[in-house]
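Trainee:
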Ligand code: ATP
Ligand code: MG
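Numbering (this note's numbering), first residue to last: 869 to 1328.
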């Protein structure tokens, strides 16, 4: 379909993306994107802005995804109107962002994000540097701390991240404006940065994560020049605010292509700045750690495909779990007994992780509960098993136990025991508990086995 859809488009071979000087306007007759495919609300925003005398286009991911026959996640609009002018055009509008000022136009639950055309940042050779400096600010490493210098459509195309994200669809004329050879890169399945890759990653290191995200999501290759500097520049991510990285990690790992994305993050050395402790665990215990994370992501991807709910709490619990034993051991070596050492290790690990990806409390609290329930799942005597079953976090904790086992942790058949306990009636449950206290099969044997053969993460 995509081939058929794009083959009519003239192919501007031989010209590097960022050097093009004349705009490529692809008329409606030469592409298959239809206005009816665009969200009704995005069309309204574009039309109203154009009626008010501004230029306005649907842009970015929605054009890219529709050309690839995929469902856009959201709709972005680019316009010549300033954020204040956008606000004056719509009643249901709010301005957000400091580093990058934007207008959000609300239609019930749908938000259309409207961005004013930007020029690239002003450098010192620029005549308007003084004017630019107020609106555009860079750190010593070249990172853009503020990016609010407005410009025209062509300048806006050049300051976008990837060629495939710099396609502008005019819902009124049906034309696609392609200033960066994005259509050709869509056709060739390439994620290509616009401009000089090193400079563009220095301006905003998150673009490295975005490259990986789009490569995984679209099943594209990162074009070699865009891929080459990533591993070396990966550590620039340590300077990015933790709240932004948390949002980015969710997009990376909870969008349905988590497993593939994880492999790419590892390949490009981008995983370490996001999860430094887990990265160490991968070095120390690669088989167990990688198996656990891959399995967790595979389960997550499957749930997303089946449209079942997924929670960042569970995924982060899995991503960080393999890093716990090392911290626990260090505390035990300082003379702290096992149980408090485990508690303190969990607390410290989460606090440290939040310096890199700021996990909000609504996720970190259930994450801790999932962890804290792991040793409790072993203690099933008396009424304990039934009480655990009633616990609101039981299901997640049980799933987590199965995940640990799938990764090769020896829990002495604990997962099987709990599976059976949930399946059988009251009499059988009583018998299972009695068997535990009479020191019979599963529990006791398993405890002995565990003593003889401790396994990687089974210390919690
Ligand atoms: P999706 O919404 O599917 O995640 P998207 O491409 O729409 O993908 P958004 O984060 O919604 O991504 O951003 C919208 C557009 O804004 C992008 O397509 C790109 O043109 C531009 N953009 C976003 N982030 C950056 C960035 N860090 N640097 C340069 N341009 C960016
Ligand atoms: Mg988008």
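Idealized CB from N, CA, C, for every residue including glycine.
Assign residue 1228 to one of two classes, buried (16 or more other C-beta atoms within 10 Å of its C-beta) or exposed (fewer than that).
Mentor: For this step, residue 1228 is matched to residue 360 along the chain shown. The residue is exposed, with fewer than 16 neighbouring Cβ atoms inside 10 Å.
Trainee: Once DSSP output is grouped into helix, strand and coil, what is the label at residue 1318?
Mentor: Reading the chain shown from its first residue, position 450 is the one you call residue 1318. Any reading at residue 1318 is ruled out, since the residue's pLDDT is 46, under 50, leaving its predicted position unreliable.
Trainee: Quick check: what's the CA-CA separation for residue 1208 versus residue 1196?
Mentor: Locating residue 1208 in the chain shown gives position 340, where the first residue counts as 1. Locating residue 1196 in the chain shown gives position 328, where the first residue counts as 1. Approximately 9 Å, taken between the alpha carbons.
Trainee: Alpha carbon to alpha carbon, what distance is there between residue 961 and residue 1025?
Mentor: Position 157 of the chain shown holds residue 1025. Position 93 of the chain shown holds residue 961. The alpha-carbon atoms of residue 1025 and residue 961 are separated by roughly 24 Å.
Trainee: How should residue 1193 be labelled, buried or exposed, when 16 other C-beta atoms within 10 angstroms of its C-beta is the threshold for buried?
Mentor: As a working note, residue 1193 is residue 325 in the chain shown. So residue 1193 counts as buried.
Trainee: Helix, strand or coil, according to DSSP, for residue 1038 in the structure here?
Mentor: For the purposes of this step, residue 1038 is taken as the residue at position 170 of the chain shown. Here residue 1038 sits in coil by DSSP.
Trainee: Can you find the residues in the same chain that come closer than 8 Å, C-beta to C-beta, to residue 1020, ignoring five residues on each side of it along the sequence?
Mentor: Here residue 1020 refers to the residue found at position 152 of the chain shown. If we look at residue 1020 and ignore the five residues flanking it on each side, its Cβ neighbours are 948, 985 and 987.
Trainee: For residue 992, which residues in the same chain have their Cβ closer than 6 Å to its Cβ, ignoring the five residues on either side in sequence?
Mentor: Start at 1 with the first residue of the chain shown, and residue 992 comes out as number 124. Legend: pLDDT at residue 992 = 40, less than 50; position of this residue unreliable, no value from coordinates given.
Trainee: Tell me the start and end of each unbroken alpha helix (DSSP H) in the stretch 1207-1269 that is at least 4 residues and wholly inside, in chain order.
Mentor: As far as the stretch 1207-1269 is concerned, its whole alpha helix (DSSP H) runs of at least 4 residues are 1229-1244 and 1252-1258.
Trainee: For residue 943, tell me which candidate among 959, 1066, 1230 and 909 has the shortest Cα-Cα distance.
Mentor: On the chain shown, residue 943 is found 75 positions in, with the first residue counted as 1. The option with the nearest alpha carbon to residue 943 is 909.
Trainee: Closer than 7 Å: is that where the CB of residue 1283 sits relative to any heavy atom of the ligand ATP?
Mentor: As a working note, residue 1283 is residue 415 in the chain shown. Answer for residue 1283: no, Cβ out of range of the ligand ATP.
Trainee: Kindly identify the DSSP beta-bridge partner or partners of residue 825.
Mentor: Outside the modelled stretch of the chain, which goes from 869 to 1328, sits residue 825, for which no answer is possible.
Trainee: Using a 10 Å radius around the Cβ and a threshold of 16 neighbouring Cβ atoms, would you call residue 964 buried or exposed?
Mentor: For the purposes of this step, residue 964 is taken as the residue at position 96 of the chain shown. Its Cβ having fewer than 16 others within 10 Å, residue 964 is exposed.
Trainee: Please state whether DSSP places residue 996 in a helix, a strand or coil.
Mentor: By one-based count along the chain shown, residue 996 stands at place 128. Caution applies to residue 996, whose pLDDT of 45 falls short of 50 and renders its modelled position unreliable; the model cannot decide the point.
Trainee: Is it true that the stretch 920-927 meets the stretch 1065-1082, where meeting means three or more beta-carbon pairs spaced less than 8 Å apart?
Mentor: Because the criterion of three Cβ pairs below 8 Å is not met, the stretch 920-927 and the stretch 1065-1082 do not touch.
Trainee: To the nearest angstrom, how far is the alpha carbon of residue 1160 from that of residue 1130?
Mentor: As a position in the chain shown, residue 1160 is number 292, starting the count at 1. As a position in the chain shown, residue 1130 is number 262, starting the count at 1. Cα to Cα, residue 1160 sits roughly 12 Å from residue 1130.
Trainee: I think residue 1169 touches residue 1127, with their Cβ atoms under 8 Å apart; what is that distance to the nearest whole Å?
Mentor: One-based indexing of the chain shown puts residue 1169 at position 301. One-based indexing of the chain shown puts residue 1127 at position 259. The Cβ separation is near 6 Å, so the contact holds.
Trainee: For residue 1055, does the three-state DSSP call read helix, strand or coil?
Mentor: Indexing the chain shown from 1 puts residue 1055 at position 187. In this structure, residue 1055 counts as helix in the three-state DSSP scheme.
Trainee: Exposed or buried, what is residue 1293 when buried is set at 16 or more other beta-carbons lying within 10 Å of its beta-carbon?
Mentor: For the purposes of this step, residue 1293 is taken as residue 425 along the chain shown, with counting starting at 1. Label assigned to residue 1293: exposed.
Trainee: Examine the ligand ATP and report whether any of its heavy atoms sits within less than 7 Å of the Cβ of residue 1117.
Mentor: By one-based count along the chain shown, residue 1117 stands at place 249. Incorrect: residue 1117 has no Cβ contact closer than 7 Å to the ligand ATP.
Trainee: Say yes only if the C-beta of residue 929 is nearer than 7 Å to one or more non-hydrogen atoms of the ligand MG, and no if none qualify.
Mentor: Working through the chain shown from its first residue, we reach residue 929 at position 61. Checking every heavy atom of the ligand MG against the Cβ of residue 929, one is found closer than 7 Å.
Trainee: Residues in the same chain with beta-carbon distance under 8 Å from residue 1114, minus the five sequence neighbours each way, listed in chain order, please.
Mentor: Stepping through the chain shown from its first residue, residue 1114 is reached at position 246. Excluding residues within five positions, the ones whose Cβ falls inside 8 Å are 1225, 1226, 1227 and 1228.
Trainee: Please report the straight-line C-alpha distance between residue 1015 and residue 1022, rounded to a whole angstrom.
Mentor: For the purposes of this step, residue 1015 is taken as the residue at position 147 of the chain shown. For the purposes of this step, residue 1022 is taken as the residue at position 154 of the chain shown. Cα to Cα, residue 1015 sits roughly 16 Å from residue 1022.
Trainee: Taking the beta strand (DSSP E) that residue 1149 falls in, what are its first and last residues?
Mentor: Counting from one through the chain shown, the residue named residue 1149 turns up at place 281. It is not in any beta strand (DSSP E) - residue 1149 instead sits in the alpha helix (DSSP H) that spans 1144-1152.
Trainee: Can you tell me which of the three DSSP states residue 838 falls into?
Mentor: Any question about residue 838 goes unanswered here, given that the chain covers just 869 to 1328.
Trainee: In whole angstroms, what separates the C-alpha of residue 892 from that of residue 1054?
Mentor: Taking the first residue of the chain shown as 1, we reach residue 892 at position 24. Taking the first residue of the chain shown as 1, we reach residue 1054 at position 186. Going from the Cα of residue 892 to the Cα of residue 1054 covers about 15 Å.
Trainee: With H, G and I counted as helix, E and B as strand and the rest as coil, what does DSSP make of residue 906?
Mentor: Taking the chain shown and counting its residues from 1, one reaches residue 906 at position 38. Coil.
Trainee: Classify residue 1004 as helix, strand or coil using the three-state DSSP reduction.
Mentor: Start at 1 with the first residue of the chain shown, and residue 1004 comes out as number 136. Reduced to three states, the DSSP call for residue 1004 is strand.
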